[in-house]
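Colleague: For reference, each letter of the sequence shown is one residue, going 4 to 730 in my numbering.
The beta carbon of each residue, even a glycine, is placed where N, CA and C say it ideally should be.
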Amino acid sequence: MKEEMLILPESREGKKSGLSSYFSTSASSPTKKVPKLCGTNYPLSIMFIVVNEFCERFSYYGMKAVLTLYFLNYLHWDENLSTTVYHAFSGLCYFTPLIGAPIADAWLGKFNTIFYLSILYVIGHVIKSVGAIPTVGSTEVHVALSIIGLIAIAFGTGGIKPCVAAFGGDQFEEEHAQERSKFFSIFYLSINAGSLISTFVTPVLRGDVKCFGGDCYALAFGVPAALMFVALIVFVAGSGMYKKYPPQGNILASVFRCIGFALKNRWRHRSKQYPKREHWLDWAEEKFQKRLITEVKMVTKVLFLYIPLPMFWALFDQQGSRWTLQATRMNSDFGGFVLQPDQIQILNPLLILILIPIFDLCIYPLVRCCKIDFKAIPKMAIGMILAALAFAVATVVEIKINETLPPVPKAQVSYLQVLNLAGGDVDVDIPGFEIIKQPSLYGANALDPDYVKLELTTAHNNFDAKLTVGAVTADCPIHIQEKSSYSLLVYGDNLNCDLIEESQTKPANGLAAVRFINMLNRDINVTIGESTVSAKGNNGVSPYITVKRGKITATYPAGAEQQELDLGLLNFGAAYSVILVRDLGDTIEFKKTEDVSANSFHVAWQVPQYVLLSAGEVMFSVTGLEFSYSQAPISMKSVLQAGWLFTIAIGNVIVLIVAQAGSLAQWAEFILFAALLVAVCIIFSIMGYFYVPANPDDLKEEEELEKKQLPEGEPSAIPMEERKTKM
Ligand SMILES: C[C@H](N)C(=O)N[C@@H](C)C(=O)O
């Protein structure tokens with residue numbers, strides 16, 4: 004499989020074949036007639052590219068959807084290591100385009116680069132899937148296979164990413180720029196369709212299918228591997244129909260030499276006696292052809308314009324981190340169905356699938372109807388503003404969530420709830436405070452006692468509390484510290500009491516937490532799923548077990564068998580105490596109290612921020628993808644795509660840095676990001692105002708000039724007609 008290229012003499016810097024054809028004007032396109040989709044100007048070959056992208060993105064996002072849980076539950080890494088490796092992998096996937104793009108532009112051509120790196124990508128997936136089979140080797144082997152697999156995947160996905168989009172763009176004639184622009188929308192739709200389906204399906208394959216006695220990670224990674232194999236087959240199947248531009252020689256080296264020479268030459272001629280030149284790159288004129296210099300000016304101009312763009316991605320990327328964490332503090336029960344907090348992210352690809360047609364078929368034509376010429380840079384700037392607005396809305400949501408959180412006792416304050424397991428209602432009289440009246444937990448409506456706020460006058464306090472139930476009274480010495488929360492357990496005919504210190508923070512990640520207070524006179528082990536906790540007899544308190552929200556059944560040993568305790572619904576973000584009161588032989592009587600209330604602010608309130616961010620993405624990202632293609636000289640299409648993807652990588656790095664530094668309250672961090680993006684958008688708009696879009700005619704002029712200057716017989720440019728493309 005080889006793309007044949009014409010080798011040109013290298014008599015002068017910048018006179019290689021690659022510098023000859025810059026824009027895909029019809030004059031410079033391969034002459035090959037490509038079959039069209041019936042009655043349109045769309046080449047048939049783009050179908051293969053779009054399906055390839057769908058399958059590739061399915062494999063990428065599907066694998067990523069279960070990656071963190073794989074690290075935590077299968078490799079048994081802690082949360083920090085899992086998060087770090089996850090982000091390092093995501094970052095690497097957007098740095099590797101910088102390797103794939105020059106390989107395509109300078110050496111292998113886009114087709115071959117996609118072909119070979121896709122094979123590496125499939126191998127990476129297979130290694131990763133094998134590492135997820137528990138019977139294959141030890142934990143060390145699993146870790147090694149996972150890391151090798153992930154590195155291969157990162158090089159595969161990142162390497163082909165800039166080439167596939169640019170290769171799709173290459174299929175169009177320059178006069179079909181409108182169709183090409185639509186192609187980028189369709190391309191983006193296929194990315195999001197792949198992402199939507201896989202983000203939903205692979206977690207189901209992991210959790211609902213059991214293999215090797217547990218969650219089936221091998222299948223959850225195996226299906227994305229299969230999809231990547233299909234992507235490769237589909238891509239190769241279209242081979243006969245593609246328009247393939249040959250690699251353009253080591254254009255990047257010429258570009259760097261040209262820039263280096265211009266800078267050196269400028270420095271050598273810094274004295275005022277030398278006349279100024281229009282552009283700093285014009286200082287390369289002594290050694291480099293005008294054509295190369297013009298081309299380098301175009302690329303550096305676009306790359307300069309890209310400098311502010313990572314800020315958009317820094318906000319965008321937080322859907323998977325900060326916004327998902329926000330969802331864990333919300334209630335995602337939709338009545339008929341319940342979403343897990345990390346599933347809310349599928350809103351983004353879903354909205355993209357809805358919004359792209361809305362923008363392409365309604366909003367953009369409507370704007371055109373109003374005679375407004377909506378160019379790429381203003382579109383991208385509006386995309387940034389929409390993303391900033393999304394973060395402003397996220398700030399409001401965050402503030403609203405905070406209002407629903409359990410109060411945290413401050414200095415000279417503590418909270419106390421009374422768990423009354425006595426036969427009747429109890430009065431708790433703590434000197435200096437109002438009497439707390441607490442109905443018995445055995446009563447019908449008394450299951451969730453409220454915390455009472457105690458304002459303390461000194462930091463440490465010992466009190467002789469008095470308990471009264473009907474005619475029975477008892478002393479209850481208690482020791483309360485400021486900034487703490489407590490449960491006072493009252494039980495027995497003689498009104499015994501125990502003070503238990505509580506943590507009133509919500510369980511992390513939207514999980515529910517439950518513990519057991521054992522009033523039986525024997526120790527007990529209680530199991531939920533794979534976790535078992537012990538509670539000593541006579542009022543022992545077990546540690547908390549965290550569980551996914553749902554109706555939970557616990558088990559405990561009774562003789563040789565396990566008996567069940569039906570705990571009912573344990574809700575998002577709630578913490579429960581299950582008080583084991585009486586052994587009834589075939590079961591245990593228990594009372595359940597909600598010590599930390601469940602998340603009450605509904606996750607549907609996140610929809611507006613997702614709509615704004617996804618609309619921003621359509622305006623920013625789809626436009627940017629097309630812009631990167633259209634502004635690049637033909638020899639550097641993949642390189643500019645890589646430059647575009649590099650802005651995503653830097654965006655990821657910004658989030659990592661901010662997350663590590665993270666000393667701000669979440670709502671403040673959100674509004675800070677929104678403000679930063681508005682500031683960056685203003686800078687970008689000013690830069691965009693002065694940006695002059697690339698024009699193929701700029702190069703035509705130089706082509707003519709070059710022809711005149713060249714010695715007879717030496718080709719100044721390779722007419723694309725002469726370039727044979729063979730497989
Ligand atoms: C899934 C997300 N909306 C998206 O489209 N991401 C782009 C950057 C991708 O190429 O995966």
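#1: Leaving out the 5 sequence neighbours to the left and right, which residues in its chain are closer than 6 Å to ALA391 when beta-carbon positions are compared?
#2: Please look up how many angstroms separate the CB atoms of ASN465 and SER443, rounded, as I've assumed it's under 8 Å.
#3: Counting pairs of Cβ atoms below 8 Å between the stretch 564-584 and the stretch 597-613, do you hit three or more?
#4: Please name the residue in GLN484, MET231, LEU502 and ILE194 whose C-alpha comes closest to that of ILE117.
#5: Measure the C-alpha to C-alpha separation of LYS39 and ILE651 and round it to an integer number of angstroms.
#6: Determine whether the beta carbon atoms of GLY65 and SER201 lie at a separation below 8 Å.
#7: Helix, strand or coil: how does DSSP classify GLU176 here?
#8: Straight-line CA distance for GLY691 to TYR97?
#9: When the Cα atoms are used, what is the spatial distance from VAL167 to LEU153?
#10: Note down, in chain order, each residue of its chain lying with its Cβ closer than 7 Å to the Cβ of THR99, except the 5 sequence neighbours on either side.
#11: Would you decide whether ILE189 is buried or exposed? Buried here means 16 or more other CB atoms lie within 10 Å of its CB.
#12: With respect to the beta strand (DSSP E) encompassing TYR579, which residues constitute its N-terminal and C-terminal limits?
#13: Take LYS551 as the anchor and find which of GLY571, VAL305 and GLY263 has the nearest alpha-carbon.
#14: Check whether the stretch 348-367 and the stretch 616-627 are in contact - that is, three or more C-beta pairs closer than 8 Å.
#15: Considering only the beta carbon of each residue, do SER121 and ASN655 sit closer than 8 Å?
#16: Excluding sequence positions up to five away, which residues of its chain have a Cβ less than 6 Å from the Cβ of LEU308?
#17: For the beta strand (DSSP E) that contains LYS3, what are its first and last residues?
#18: Throw me the rounded Cβ distance for the ASN521 and LEU583 pair, which I believe falls under 8 Å.
#19: Just to confirm before moving on: does the CB-CB distance between ASP453 and GLN420 stay below 8 Å?
#20: Give a yes or no on whether the C-beta atoms belonging to SER324 and LEU295 are separated by under 8 Å.
#21: Excluding the five sequence neighbours on either side, which residues of its own chain have a C-beta within less than 6 Å of the C-beta of THR535, listed in chain order?
#22: Tell me whether SER335 sits in a helix, a strand or coil according to DSSP, three-state version.
#23: At the level of alpha carbons, what is the spacing between SER488 and ILE685?
#24: Taking one C-beta from the stretch 131-147 and one from the stretch 75-84 each time, how about it: are there three or more such pairs within less than 8 Å?
#25: Can you tell me whether GLN174 is buried or exposed, with buried defined as 16 or more other CB within 10 angstroms of its CB?
#26: What does the alpha-carbon distance come out to for the pair VAL431 and ILE438?
#27: Which residue comes first and which comes last in the beta strand (DSSP E) that contains LYS594?
#28: Between the Cα of ASN698 and those of GLN669, PHE224, ILE637 and ASN334, spot the shortest distance and give me the residue it belongs to.
#29: Thinking C-alpha only, which one of TYR220, PHE315 and ASP211 is nearest PRO137?
#30: Is it the case that the CB of ILE651 approaches a heavy atom of ligand 1 more closely than 7 Å?
#31: By DSSP's criteria, GLN566 is part of a beta bridge. Which residues make up the other side?
#32: May I ask you to report which of helix, strand or coil DSSP gives TYR25?
#33: For LYS185, tell me which candidate among PHE630, GLN292 and MET639 has the shortest Cα-Cα distance.
#34: Output the distance between the C-alpha atoms of GLY243 and THR398, rounded to the nearest integer angstrom.
#35: Label ASP467 either buried or exposed according to how many other C-beta atoms from any shown protein chain fall within 10 Å of its C-beta, with 16 as the threshold for buried.
#36: I'd like to confirm something about GLU629: is its beta-carbon nearer than 7 Å to some heavy atom of ligand 1, or not?
Modeller: So, from the listed chains and residues:
#1: Beyond the five residues adjoining it in sequence on each side, ALA391 comes within less than 6 Å, by CB distance, of ALA677, LEU680 and VAL681 in the same chain, given in chain order.
#2: Incorrect: roughly 27 Å between the Cβ atoms, too far for contact.
#3: The stretch 564-584 vs the stretch 597-613: in contact.
#4: MET231
#5: Approximately 34 Å, taken between the alpha carbons.
#6: yes
#7: coil
#8: Each residue's alpha carbon lies about 25 Å from the other.
#9: For VAL167 and LEU153, the distance between alpha carbons rounds to 20 Å.
#10: ALA157, PHE158, GLY161 and GLY162
#11: buried
#12: 578-586
#13: GLY571
#14: yes
#15: no
#16: Hits under 6 Å: MET690 and TYR694.
#17: Residue 3 lies beyond the stretch modelled for the chain, which goes from 4 to 730, so this question has no answer here.
#18: 5 Å
#19: ASP453 places its beta carbon less than 8 Å from that of GLN420.
#20: no
#21: ASN528
#22: coil
#23: Each residue's alpha carbon lies about 48 Å from the other.
#24: yes
#25: buried
#26: Taking the straight line from one Cα to the other gives about 6 Å.
#27: 591-599
#28: ILE637
#29: TYR220
#30: Yes, ligand 1 has a heavy atom inside 7 Å of this Cβ.
#31: TYR559
#32: In this prediction, TYR25 scores a pLDDT of 33, lower than 50, which makes its location untrustworthy; the coordinate-derived value is nonetheless stated afterwards. If DSSP states are grouped into helix, strand and coil, TYR25 belongs with coil.
#33: Out of PHE630, GLN292 and MET639, the CA that lies nearest to the CA of LYS185 is found in PHE630.
#34: GLY243 and THR398: Cα-Cα distance of roughly 52 Å.
#35: exposed
#36: no
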